[in-house]
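Peer 1:
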Amino acid sequence: MRFSGATNLTIFFIIPLILAIGIIPVLPMADSLEARQERLASEPSQTECRTGQTLVFQIRHNQFFCTSQETAERWQQLGLAKIVEQVEVVQVREDETEIPSEQLPATEVSDPRFEMEKECPGGNVFLENPSNGFIHCANIFSVPTLLLQGWVILDDIPTSETDYHFPHLTKCEEGEAELKHSSTGHIICTSTDKVDSLFSEGWELFTPPELSDLEIQSLLNIEEEIQDAPYTTNLEILETDEQDVYQVIFQECAGDTTVRDPVISITSDTQQQKIQLMDTLHRNDCTWGVTHIRALDPSTIKAQTVEFGDNENLVALEQKIQELQQQVEKERQELVRVKNMNFDTHQDYIDAVREQADNLRSVGRELRSLTSEYYTILYYLHR
């Protein structure tokens, strides 16, 4: 085939132009990849800090940060950050990634968020995601948000010991002081030798709320909450013309129940007799009666309410109730004494008052239980 001169000229110019168009896009791509690799190699890593600074991981903000060694230590003590002390080399197998081996980064930093899964510093708490079983050590201030997202608190994983911790997670130990920040309201526990250094940072001694006077008064009046059982009292014991025979004037009251045909037992050191009253005593009603009884010592004369089949049980309950009433009075007096004592520390005072208040509550609960049993028997006997 023969070509004309114009055709040869066209081929001579067009073919190089087409080749140039295909080569030109390739060169920038190669240059950009090479430049990117050089830039990544020349740029400082996020895990490198200037001389004199320390790399930390801020827990609350979920990021790495460079700061002074003193600030880093303070943040770590307060549970706000964790110092990254060592850079670990992570070996990645080629069959686990599609990235060519020559493009793999030489080092990676172990994420402190996952290191802390083994231990949870003070001010943090372990949470579990029930959907995937993942366990995470979260800052206490992020816990409410995570709970709304379905996370649950793991109570069986203990927190690690640190210089500072939160009393609502761990009670302050002996020799520690409880501090409250004036602006944030955060409460921490710390050793007493570090208290002075924290005063300049806005911390102040925190006094736990003690039992209020109203709560103590309610404990002192614990018997007022117990219903009155039916009772009998001696109004007067008079001598008679007959030797060792006395006239007994007594009063029977229904208390907080209704008593039909009550039976009164009059006892002394030499005689016992029962008196059947024909009146029905309604709630808070009282009646009186007169009888004679023989006694060598008039001080042994006693009148009390009894019932037929349950006489022994009721008498035993009345005796136990009287003993518990006396014990309540002793515990009440002890609470007043403890409340007015002087202690070495305010925490000792709080602990002593709470312990005695618990003793008083315990006796009061037992007294209420026996009194309720007493009422139940009376109800079935007199309905």
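Here the sequence shown is numbered in this note's numbering, starting from 7 and rising by one per residue.
C-beta: ideal position from N, C-alpha, C; glycine also.
As the structure is a computational prediction, the values presented were derived from the model and not from experiment.
(1) Let me make sure I understand the geometry here. Which of Q332, I272, V296 has the alpha-carbon closest to that of T306?
(2) Alpha helix (DSSP H) containing S203: first to last residue?
(3) For E207 and A358, what's the separation of their Cα atoms in angstroms?
(4) Report buried or exposed for R338, applying the criterion of at least 16 other Cβ atoms within 10 angstroms of its Cβ.
(5) Which residues mark the beginning and the end of the alpha helix (DSSP H) in which Q277 is found?
(6) Any idea which residues DSSP pairs G295 with across the strands?
(7) First and last residue of the alpha helix (DSSP H) that includes W394?
(8) Please state whether DSSP places R300 in a helix, a strand or coil.
(9) Between the alpha carbons of H187 and Q362, how many angstroms are there, rounded?
(10) To which residues of the same chain is I327 closer than 8 Å at the C-beta, ignoring the five residues directly before and after it?
(11) If you draw a straight line from the C-alpha of T198 to the C-alpha of W157, how long is it?
(12) Which stretch, first to last residue, makes up the beta strand (DSSP E) that contains T77?
(13) When you compare the stretch 292–300 with the stretch 241–253, are there three or more beta-carbon pairs, one atom per stretch, that lie closer than 8 Å?
(14) Quick check on the burial criterion: 16 or more other C-beta atoms within 10 angstroms. Buried or exposed for A144?
(15) At a Cβ threshold of 8 Å, is L244 touching chain B?
(16) What are the start and end residues of the beta strand (DSSP E) that includes F132?
(17) Roughly how many angstroms separate the alpha carbons of T239 and C292, rounded to a whole number?
(18) Leaving out five residues on either side along the sequence, give the residues of the same chain with a beta carbon under 8 Å from the beta carbon of V344.
(19) May I have the straight-line CA-CA distance separating E79 from N348, to the nearest angstrom?
(20) Could you work out which residue in Q59, E182, C259 is closest to T311 when comparing CA atoms only?
(21) For V334, which of helix, strand or coil comes out of DSSP?
(22) Can you tell which of H352, L341, A309 has the C-alpha that lies nearest to the C-alpha of I243?
(23) Enumerate in chain order the residues of its own chain whose CB-to-CB distance from G181 is below 8 Å, with the five nearest sequence positions on each side excluded.
(24) Which one of S368, V62, Q282 has the shortest CA to CA distance from V334?
(25) Nearest by alpha-carbon distance to L86: which of Q59, A183, V131 is it?
(26) For S274, count neighbouring C-beta atoms within 10 Å of its own C-beta (all shown protein chains included) and say buried if the count is 16 or more, exposed if not.
(27) May I ask you to list the residues that DSSP assigns as paired with A309?
Peer 2: In this structure, then:
(1) Considering only alpha carbons, the answer is I272.
(2) Counting along the chain, the alpha helix (DSSP H) containing S203 begins and ends at 201–205.
(3) CA-CA distance, E207 to A358, rounds to 32 Å.
(4) R338 should be labelled buried.
(5) Looking at the DSSP string, Q277 is not in any alpha helix (DSSP H), and its letter there is neither H nor E.
(6) Within the DSSP bridge table, the entry for G295 names F256 as partners.
(7) Limits of the chain in this structure are 7 at one end and 389 at the other, which puts residue 394 out of reach.
(8) R300 carries a strand assignment under DSSP once its states are collapsed to helix, strand and coil.
(9) If I take the Cα positions, the gap works out to 31 Å.
(10) In its chain, beyond the 5 residues on either side, A235, L373, L376, T377, Y380 have a beta carbon closer than 8 Å to the beta carbon of I327.
(11) Taking the straight line from one Cα to the other gives about 36 Å.
(12) Per DSSP, T77 belongs to no beta strand (DSSP E); it is in the alpha helix (DSSP H), 75–83.
(13) Judged by Cβ distances under 8 Å, the stretch 292–300 makes contact with the stretch 241–253, as three or more pairs qualify.
(14) So A144 ends up on the buried side.
(15) Judged by its chain identifiers, the structure shown contains no chain B, having just a single protein chain.
(16) Element bounds for F132: 130–135.
(17) When rounded, the distance between both Cα atoms is 11 Å.
(18) Take V344, set aside five residues on each side of it, and the residues of its chain with a beta-carbon closer than 8 Å to its own are A358, V359, Q362, in chain order.
(19) Approximately 39 Å, taken between the alpha carbons.
(20) When only C-alpha atoms are compared, the closest one is C259.
(21) If DSSP states are grouped into helix, strand and coil, V334 belongs with the helices.
(22) The alpha carbon of I243 has as its nearest neighbour, out of H352, L341, A309, the alpha carbon of A309.
(23) Here the set comprises S197, T198.
(24) Closest option to V334, Cα to Cα, is S368.
(25) Per the Cα distances, V131.
(26) By the 10 Å Cβ count, S274 comes out buried.
(27) Beta-bridge pairing links A309 to I272.
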